[in-house]
Every structure is written in C-alpha cells, then in structure tokens.
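A.B. asks:
In my numbering, the protein residues as written are 4 to 280.
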C-alpha cells in the first residue's frame with residue numbers, strides 16, 4: 004500500500020458518523036501574490052501554474068500557518084499521530100495537502116485565515132480526503148472520512164472564533180490543478196492586477212468572492228486591536244488608508260516587515276473586514 008492508502012485506512016478505521024451530505028467541497032487556501040522563497044521570485048500563483056500541482060508545506064517550505072513541517076517538527080509529529088505513521092518515511096511530495104471542508108458554503112471558503120484565495124476542489128476528491136476537528140495543531144481525537152463524518156456538528160456547536168471553526172481536511176494522493184480543481188476563487192482586490200492576468204491561464208474557471216478590507220481607523224477599534232494585539236493593529240494601520248489582501252501582499256515583498264506580523268494583520272482583515280457587497 005502507498006503511504007496515502009495507509010493513511011486513509013488508518014483514519015477510516017477511526018472515523019465515526021454518517022456520510023457527508025451531497026454538494027460539499029474541500030477548499031484549499033493560499034495567498035496568490037506572496038513571494039515563493041525558492042530563489043525565483045515567483046508568486047505563489049505563478050508557481051502553481053508552472054508546476055501544475057499544489058504541494059504541501061513539506062515540499063514547498065512555505066505556509067500561512069506555522070512553519071514546522073520538518074522531521075521532528077510539530078507538523079511532522081501531528082501527521083505521524085493522525086495518519087498512523089504512514090508518512091514518516093515518505094518523500095515530501097507525497098504528503099497530504101491541507102484544506103477545509105466548506106460545509107457552511109461560505110463564499111470565501113472554509114478557512115479564510117490561511118489565504119484570501121482558494122481552490123475549490125472537485126467532489127471526487129472527497130473519496131481520498133480525511134478530516135479532523137479541531138485543527139490538527141490542537142491534537143484532535145475526532146476524525147472523519149467522506150462516508151463517516153460527524154465533525155460538522157462538532158464544528159457548528161460553537162465556542163470557536165469564526166476564523167477557527169473549520170473542519171480541517173487532508174487531501175491524500177496529490178492535488179493536480181487540471182484534474183482536481185473545480186474553480187480558482189479570488190478576492191476582488193486583485194481585479195486588474197498581475198494576479199488576475201495570471202489567473203487567465205488557470206486550467207479551471209476563475210470566480211470572485213465578496214472580498215475583505217479594513218480602513219486605517221478600523222485598526223483602532225478595541226475589538227480589532229485586541230484580536231491579534233495592539234502591535235499588530237499598529238502595523239495594519241501603517242499600511243495605508245485601506246488594507247486588503249493585495250496591500251498586505253505588497254508589504255511582504257518589501258522585506259521591511261515581519262511576515263508573521265503581516266500574517267496576523269491578514270487575520271484581522273479576514274475577521275472584521277468582510278465587504279458588504
């Protein structure tokens with residue numbers, strides 16, 4: 004058996020619940036305009052188009068969450084526990100791709116904290132996807148597969164912030180753009196930009212969600228300032244009169260600001276900045 008098959012079998016034996024309802028999709032989030040740290044100065048979207056696949060943090064060395072995908076790191080240990088050590092000796096390119104089950108049918112996808120854009124995967128991908136709740140960083144014991152999954156009820160029971168209430172998904176066996184992606188969904192802040200120009204080459208339809216934006220004054224609100232800390236709010240306010248995913252993305256290319264702080268600025272924008280339109 005392949006590592007993917009072993010991982011699926013391990014989770015399937017521990018999954019509980021009824022089959023997922025028809026019509027649900029997995030969404031895989033990313034920031035399309037972020038620089039890839041591979042010496043080429045490509046954006047993430049450009050690399051996706053060049054490679055034709057979406058790879059895990061183990062293969063890319065980049066993440067919009069924690070950077071712990073290496074032997075002995077937190078991500079490595081979480082995967083070893085979740086998947087019964089199936090990937091312990093597997094090549095980096097064979098490891099699962101992380102996303103979320105968009106069971107609430109949110110226009111911006113199931114876990115927008117990890118990126119303003121997402122790939123909406125085709126329904127057949129569900130057959131090789133495992134799920135957990137909460138996030139694997141929280142050492143979950145509740146697991147699921149498409150034919151046995153009660154995790155949506157757990158996620159909907161409340162108690163978690165809107166950025167953290169997703170059912171985590173792990174796609175085994177790779178994500179090939181031309182085969183597995185139903186649509187590329189972008190934030191409208193990228194209209195008329197190089198991101199949109201690149202997206203015209205994407206091997207699936209391009210769609211747009213409602214978008215996210217905060218004003219400079221919004222970062223002074225007590226709820227925003229408290230969400231990721233006053234220092235993060237000050238950085239957000241320094242970026243300009245209006246802050247959206249494109250503004251944050253441009254700031255990452257200058258190298259003048261800590262990318263982990265900018266990640267938290269995005270969390271504020273995604274949490275409080277839903278466009279009314």
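For every residue, glycine included, the Cβ atom is placed at its ideal position computed from N, Cα and C.
Along the chain, where does the beta strand (DSSP E) containing residue 145 start, and where does it finish?
C.D. replies: Element bounds for residue 145: 145-148.
A.B. asks: Out of 268, 27, 20 and 247, point me to the one whose CA is closest to residue 128's CA.
C.D. replies: Taking only the C-alpha atoms, the option nearest residue 128 is 27.
A.B. asks: Could you tell me if residue 99 is buried or exposed, where buried requires 16 or more neighbouring beta carbons within 10 angstroms of its beta carbon?
C.D. replies: Buried: at least 16 other Cβ atoms inside 10 Å.
A.B. asks: Which complete beta strand (DSSP E) runs does the stretch 69-144 hold, if anything under 3 residues is left out?
C.D. replies: Correct list: 100-104, 120-124 and 132-136.
A.B. asks: Over the uninterrupted beta strand (DSSP E) stretch that includes residue 185, give me the two end residues.
C.D. replies: Looking at the DSSP string, the run of the beta strand (DSSP E) that includes residue 185 is 184-189.
A.B. asks: Could you please give me the residues that DSSP links to residue 151 through a beta bridge?
C.D. replies: Residue 151 pairs with 148.
A.B. asks: How close, in whole Å, do the beta carbons of residue 152 and residue 48 come, if the pair is a contact with beta carbons under 8 Å?
C.D. replies: Not quite, the Cβ-Cβ distance comes to about 31 Å (not below 8 Å), so this is no contact.
A.B. asks: With a threshold of 9 Å between beta-carbons, can residue 129 be considered close to chain D, or not?
C.D. replies: The structure shown has no chain D; it contains just one protein chain.
A.B. asks: Rounded to whole angstroms, what's the CA-CA distance from residue 116 to residue 105? Just pull it up for me.
C.D. replies: So the two alpha carbons sit approximately 13 Å from each other.
A.B. asks: For residue 34, tell me which candidate among 276, 250 and 257 has the shortest Cα-Cα distance.
C.D. replies: Here the closest residue by C-alpha is 250.
A.B. asks: Rounding to the nearest angstrom, what Cα-Cα distance links residue 218 and residue 186 in this structure?
C.D. replies: One C-alpha to the other measures close to 30 Å.
A.B. asks: Going by beta carbon distance, what residues of the same chain come within less than 6 Å of residue 240, once the five residues before and after it are set aside?
C.D. replies: Correct list, in chain order: 219 and 222.
A.B. asks: Under a three-way DSSP split, which group does residue 205 fall into?
C.D. replies: Coil, per DSSP.
A.B. asks: Just grab the DSSP bridge partners of residue 174 for me.
C.D. replies: BP columns for residue 174 point to 100 and 132.
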